[in-house]
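Right, one structure below, let's go through it.
Residue numbers (the working numbering): 28 to 134.
Shown next as structure tokens:
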């Protein structure tokens, strides 16, 4: 699965996952939405590690950078494994050589 597809999973479920009272009958439950977002963060982290190992991140595409940003945002919002968030921030710093947007400060 591509980073863009995983990023879409986060976009489609992030707000529902943050607001357990916002789910209506028949919709994806907030627990399911949260699990989808967390799984997407884990998958983006895995893909980032693999891509970084094979090609480096210096010339990663813009959608890759945006996917990493969304993964960091989601990991922090759901208090996910801080090690993953730190790794993704370091990866984003590596991307900043090509994309100035990647130099954003997440602290």
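The beta carbon of each residue, even a glycine, is placed where N, CA and C say it ideally should be. Values in this document were obtained by computation on a predicted structure and should not be read as measured data.
In the three-state reduction of the DSSP assignment, residue 83 falls in the coil class, being assigned neither a helical nor a strand state. When the alpha-carbon of residue 73 is set against those of 120, 112, 62, 105, the nearest one is in 112.
When secondary structure is reduced to three states using DSSP, residue 72 falls in the helix class. Between the alpha carbons of residue 83 and residue 106 lies a gap of roughly 27 Å. In the structure shown, residue 101 falls within a helical segment according to DSSP collapsed to helix, strand and coil.
Assignment of residue 107 by DSSP, reduced to helix, strand and coil, places it in the coil class.
Taking a C-beta distance under 8 Å as the contact criterion, residue 63 and residue 95 do not qualify as a contact pair.
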